[in-house]
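Chains as they are written, first to last, in the working numbering: chain G, 1 to 650; chain U, 1001 to 1084.
Below is one structure, written out as structure tokens; comments come after it.
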Amino acid sequence: MRRRPGYILRADGSRKRKQAGEYLMRKRKFVLVEPKSTHLHVYSRYTIPRLGVILLGTMLRDRGWDVKVYIEDVSPVDMDEVLSADIVGVSSLTSTAPQSYRLGELVRSHGIPVVMGGTHVTFCPDEALEYADYVVRGEGEEALFELIDAMDGRGPFENILGLSYWKSGRKVHNPDRPLKEDLDSNPIPDYSLVEGWHSNAIISIATSRGCPFTCTFCSVPGMYGHGFRMHSIERVIEEIRINKPQYIFFADDLFTANRKRTKDLLRRMIEEGLTPQWGAQVRIETAFDPELLALMKESNCFNVFVGFESINPKTLDLFNKRQTYEKIVASIKKFKEVGIRIHGMFVVGSDADDKETIYETSRFAREYGLETIQLMILTPLPGSPDYDQFYATGNRELLSKDWSLYDGHHAVYRPKNMTAYELNVAAIDAMEEFYSWKTILQSVLRKDIISTIIQTSSKNLLKAWKKQNRDYIQGLRDQVFDKAKEVAVHRDVKLSYRIGVPRFILDAEIGKSLTSFMTELGISVVPFGGSSPDSGGGLTSRLDWLRGKVDCIVMPVMEKSGHGQEEIYDKIQRLWKSLPRQKEDLPAMVKLFLDRQDGSLYSSMAQIAAIFTKDLDKVHKAYRSIMPSLSGNEVLTHVPVESKPVILRV
Amino acid sequence: MALKIEDNCISCGACLPECPNDAISEGDPLYIIDPELCTECVGFHEDPQCAAVCPIDECCILDPEYKETQEELLAKKARIHPEG
């Protein structure tokens, strides 16, 4: 364990040696920090506070600690306070992890012990321990106090469930801690501990933890479990009474998971006359219970954050969302009938989505008059089933490991039916289409002042986002066009609109799709080599023959030899082995990834097409025309490529 | 009429503690209602409580194979809870 520093840091950076008595007299100080995201995001302008640091701060204060709580979205972190703490606690989401780590590193360099907690570090404790002395995985309200006892020499670290820590230079991960059952034993989070807190802000109140559903993109069940643990209604009422909020965000992952209990809560709120405006995350089923809906309205529900997730039925299935397009539409009508505003939450970029799905989602939201929306890009969050299945296993590749990009506004993987660049641009553009002057004007005409304000600020936010992220988007675009650049550098003659493809690839199913894709774009395919790759000099002479005749050579890549694909796999390996060492004066080579589980096939086809055209919409259209044939492809048998996505026009 | 749990059940277990007759059990993979024990909550609650807490739409539904009158349900309740 680290010793507490023998000095007190003054505001000017100088250090004052502690007097002997100061170790004993002074209350010990615990500073908790919830860093903010470095990127603009959908909630940048409306801070919905996360409760972890407030709750833990309240518990620490109740046990005699001098506590400071910083939520960076609320007010800047005072580093003098942080560096004068005895212990610093840092909470982290995936998108705020880099900030948390930077802070952790800095605090540790001053000899102050750092404890990290939150969803991200729960699932990445090894990574987090590089920047922290202790990581509390899962729910922290019990582990933290056991940890403090152990740090004070009262009890061993070994017994603290959910703790990860350093022991003799090695990382140790104690077993997981069971989820906390008796939520009411926690104190009511005291918002006054939050530096810079103002009483008219949005108050988060959690009435439950956990979600019984298993959506593939979500890390909530991984963190809080499938069981639904509830605060007593009495306790929630007390929390509302104490905070006197103007607006409550019920921070439950699914506020209506137990409708009977939600109704009881709302009835009590009405009886007690505690009906500030409120909003909560719900599923569409909420709208089909007339009694619940009536109680929501009567208790002053202002808006619902509805997890529609997608208007593409195939995507809903891929997400394991267990809802249908038809019911989404029906639920919107029901919410509208009682006059509850809808914040539509959508996740775009599944393997069944394409660009058109994203724009269609925006059109859908406008058509049905949703007040606000978020189109989040599917993001492999550690702790989600998606991450475990595809990314932790290495089956799919992450384009970036910069966690700050994992905020739902950046494409960090290759989707199946579009490039990451197109996905990112479409998600932002489609949101801009929603937050258009037309939408805003409609709100004005409805005299819906709040929607007008939120929509206008969202419009401005998107503009600012584009400016802030120009380089990232350009980087994604460059990946699509990097072969085009290479060809442009090397070529001294005009494009011939021909590509060289190994004959044995053209003989396979994928060859037919590739040919029709290229034909659609006005590009001819020139076969080279025999039905089987030649060895050594044979190929060199064939490649020499291609010089000047084609603009690039397509080189197939297969990473694994799947069942029934041994022959083509073998041919591809031999082709690569027989490549001549000297490639300088040969046409540019473009890899065509055949068997990756992600969208590498589309990305490589788009890369080839981008040599000949800048119009990616045209490329996308050509791809859509061959999608049905790809689903039955022999080479890609184990890749369940969906046929043309179903786009619903209503 | 007894209730039954449809195959859209997500096995969340919310219904389990609500049943006054302990008619629900954790099956594999879905939860099951024992029609011999289900009284549609007659005599205890106005509505069947499993359906009231279920987060899924149209999951706990009336089982057309077990049609019973109000009297029959009350008799069933009396049989299950002889103490009253």
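Here a beta-carbon is modelled for each residue, glycine too, at the ideal position from N, C-alpha and C.
| Are any of the Cβ atoms in chain G nearer than 8 Å to that of Asp-1007(U)? | The sequence position of residue 1007(U) within the second sequence is 7, counting from 1. Not an interface residue.
| query | What residue from Asp-182(G), Leu-129(G), Lys-263(G), Gly-210(G) has the CA that sits closest to Gly-1013(U)'s CA? | reply | Translated into the one-based positions of the second sequence, residue 1013(U) becomes position 13. It is Gly-210(G).
| message | So with CB distances below 9 Å, who are the chain G contacts of Gly-1013(U)? | response | Translated into the one-based positions of the second sequence, residue 1013(U) becomes position 13. Within 9 Å Cβ-Cβ: Pro-212, His-226, Gly-227, Phe-228.
| query | Which class does Gly-369(G) belong to by DSSP, given the choice of helix, strand or coil? | reply | For the purposes of this step, residue 369(G) is taken as the residue at position 369 of the first sequence. The answer is coil: DSSP assigns Gly-369(G) none of H, G, I, E or B.
| request: Starting from the beta carbon of Ala-1052(U), find every residue of chain G whose beta carbon is closer than 7 Å, and list them in chain order. | output: Reading the second sequence from its first residue, position 52 is the one you call residue 1052(U). Neighbours of Ala-1052(U) on chain G, chain order: Arg-259, Lys-260.
| query | Listed from N- to C-terminal order along the chain, which residues in the stretch 261-285 of chain G have their beta-carbon within a distance smaller than 9 Å of any beta-carbon of chain U? | reply | Of all residues in the stretch 261-285 of chain G, those with a C-beta nearer than 9 Å to a C-beta of chain U are Arg-261, Lys-263, Arg-283, Ile-284, Glu-285, reading in chain order.
| query | Counting along the chain, where does the beta strand (DSSP E) carrying Arg-341(G) start and finish? | reply | Residue mapping note: residue 341(G) aligns to position 341 of the first sequence, counting from 1. Here the beta strand (DSSP E) through Arg-341(G) covers 341-348.
| request: Consult DSSP for Cys-1060(U) and reduce its assignment to one of helix, strand or coil. | output: The residue you call residue 1060(U) lines up with position 60 of the second sequence. Residue state, collapsed to three classes: strand.
| message | One question on the structure: do Phe-481(G) and Gly-500(G) come within less than 8 Å of each other, judged by their Cβ atoms? | response | On the first sequence, position 481 is the one that residue 481(G) refers to. On the first sequence, position 500 is the one that residue 500(G) refers to. No, the Cβ-Cβ distance between Phe-481(G) and Gly-500(G) is not below 8 Å.
| field | Lys-314(G) - DSSP class collapsed to helix/strand/coil | value | Residue numbering aside, residue 314(G) sits at position 314 when the first sequence is read from its first letter. Lys-314(G): helix per DSSP, three-state reduction.
| message | The alpha helix (DSSP H) that contains Cys-1050(U), what's its start and end? | response | Residue numbering aside, residue 1050(U) sits at position 50 when the second sequence is read from its first letter. Taken as a continuous stretch (DSSP letters only), the alpha helix (DSSP H) holding Cys-1050(U) covers 1049-1053.
| field | Check whether Ile-1005(U) and Arg-322(G) have beta carbons under 8 Å apart | value | The sequence position of residue 1005(U) within the second sequence is 5, counting from 1. The sequence position of residue 322(G) within the first sequence is 322, counting from 1. Contact: no.
| Within 8 Å (strictly less), CB to CB, does Ile-1024(U) reach chain G? | Taking the second sequence and counting its residues from 1, the one referred to as residue 1024(U) is at position 24. Not an interface residue.
| Smallest Cα separation from Val-489(G): which of Ile-611(G), Tyr-602(G), Ser-84(G)? | Working through the first sequence from its first residue, we reach residue 489(G) at position 489. Comparing Cα positions, the closest option is Ile-611(G).
| Secondary structure at Ser-733(G), three-state DSSP: helix, strand or coil? | What the structure shows of chain G is the stretch from 1 to 650, and residue 733(G) is not part of that stretch, so it cannot be assessed.
| query | Which residue comes first and which comes last in the beta strand (DSSP E) that contains Gln-277(G)? | reply | Translated into the one-based positions of the first sequence, residue 277(G) becomes position 277. Gln-277(G) -> beta strand (DSSP E) spans 277-282.
| Tell me which same chain residues have a C-beta within less than 6 Å of the C-beta of Asn-300(G), skipping the five on either side of it? | Mapped onto the first sequence, residue 300(G) falls at position 300. The beta carbon of Asn-300(G) is closer than 6 Å to those of Thr-275, Gln-277 in its chain, skipping five residues each way along the sequence.
| alpha helix (DSSP H) segment containing Val-107(G), residue limits | On the first sequence, position 107 is the one that residue 107(G) refers to. From DSSP, the alpha helix (DSSP H) with Val-107(G) extends over 97-109.
| message | Using only the alpha-carbon positions, how far apart do Ser-496(G) and Ala-392(G) sit? | response | Translated into positions along the first sequence, residue 496(G) becomes position 496. Translated into positions along the first sequence, residue 392(G) becomes position 392. Using only the alpha carbons, I get a separation of about 43 Å.
| said: Less than 6 Å between C-beta atoms, sequence neighbours within five positions excluded: which residues of the same chain meet that for Ser-457(G)? | reply: What you label residue 457(G) is simply residue 457 of the first sequence in a count that begins at 1. Counting only Cβ-Cβ distances below 6 Å, and skipping sequence neighbours, we find Arg-45.
| query | What's the C-alpha gap between Tyr-602(G) and Phe-434(G)? | reply | Your numbering for residue 602(G) matches position 602 in the first sequence. Your numbering for residue 434(G) matches position 434 in the first sequence. Our two residues, Tyr-602(G) and Phe-434(G), have alpha carbons roughly 28 Å apart in a direct line.
| message | Check whether chain G comes within 8 Å of Pro-1029(U), counting only Cβ atoms and requiring the distance to be less than that. | response | Locating residue 1029(U) in the second sequence gives position 29, where the first residue counts as 1. No, Pro-1029(U) does not count as interfacial toward chain G.
| query | What does Ile-1056(U) touch in chain G if you count any residue whose Cβ is under 8 Å from its own? | reply | As a first step, residue 1056(U) is located in the second sequence; it is residue number 56 there, counting from the start. Glu-285, Arg-322, listed in chain order.
| said: Can you check whether the C-beta of Phe-255(G) is within less than 8 Å of a C-beta belonging to chain U? | reply: As a first step, residue 255(G) is located in the first sequence; it is residue number 255 there, counting from the start. Closer than 8 Å: no.
| request: Please list, in chain order, all residues of the same chain as Trp-465(G) whose beta carbon is under 6 Å from its beta carbon, the five residues on each side excluded. | output: One-based indexing of the first sequence puts residue 465(G) at position 465. Same-chain partners within the cutoff: Leu-40.
| field | 8 Å Cβ cutoff met for Phe-517(G) and Lys-571(G) | value | Looking up residue 517(G) in the first sequence gives position 517. Looking up residue 571(G) in the first sequence gives position 571. Taking 8 Å as the Cβ cut-off, Phe-517(G) and Lys-571(G) do not qualify as a contacting pair.
| Lys-483(G) and Ala-588(G) look like a contact to me (Cβ under 8 Å); what is the Cβ gap, rounded to whole Å? | The residue labelled residue 483(G) in the question sits at position 483 within the first sequence. The residue labelled residue 588(G) in the question sits at position 588 within the first sequence. Right, the Cβ-Cβ distance comes to about 6 Å (below 8 Å), so this counts as a contact.
| query | What does Gln-1049(U) touch in chain G if you count any residue whose Cβ is under 9 Å from its own? | reply | Taking the second sequence and counting its residues from 1, one reaches residue 1049(U) at position 49. Lys-260, listed in chain order.
| message | So for Val-121(G), helix, strand or coil by DSSP? | response | Locating residue 121(G) in the first sequence gives position 121, where the first residue counts as 1. DSSP places Val-121(G) in helix when its eight states are reduced to three.
| Per DSSP, cross-strand counterpart(s) of Ile-242(G) | Position 242 of the first sequence holds residue 242(G). Answer is none; Ile-242(G) lacks a bridge partner.
| task | Could you tell me whether the Cβ of Ile-1033(U) comes closer than 8 Å to any Cβ of chain G? | result | By 1-based counting over the second sequence, the position of residue 1033(U) is 33. Chain G contact via Cβ: absent.
| Proximity test, Cβ basis, 8 Å: Cys-1019(U) and chain G | To locate residue 1019(U), count along the second sequence from 1; it is residue 19. So, not an interface residue.
| field | 8 Å Cβ cutoff, Phe-288(G) in contact with chain A | value | Absent here is chain A; the protein component of the structure consists of chains G and U.
| How close, in whole Å, do the beta carbons of Leu-144(G) and Leu-265(G) come, if the pair is a contact with beta carbons under 8 Å? | In the first sequence, the residue the question calls residue 144(G) occupies position 144. In the first sequence, the residue the question calls residue 265(G) occupies position 265. Between Leu-265(G) and Leu-144(G) the Cβ distance is about 29 Å, and since that is not below 8 Å, they are no contact.
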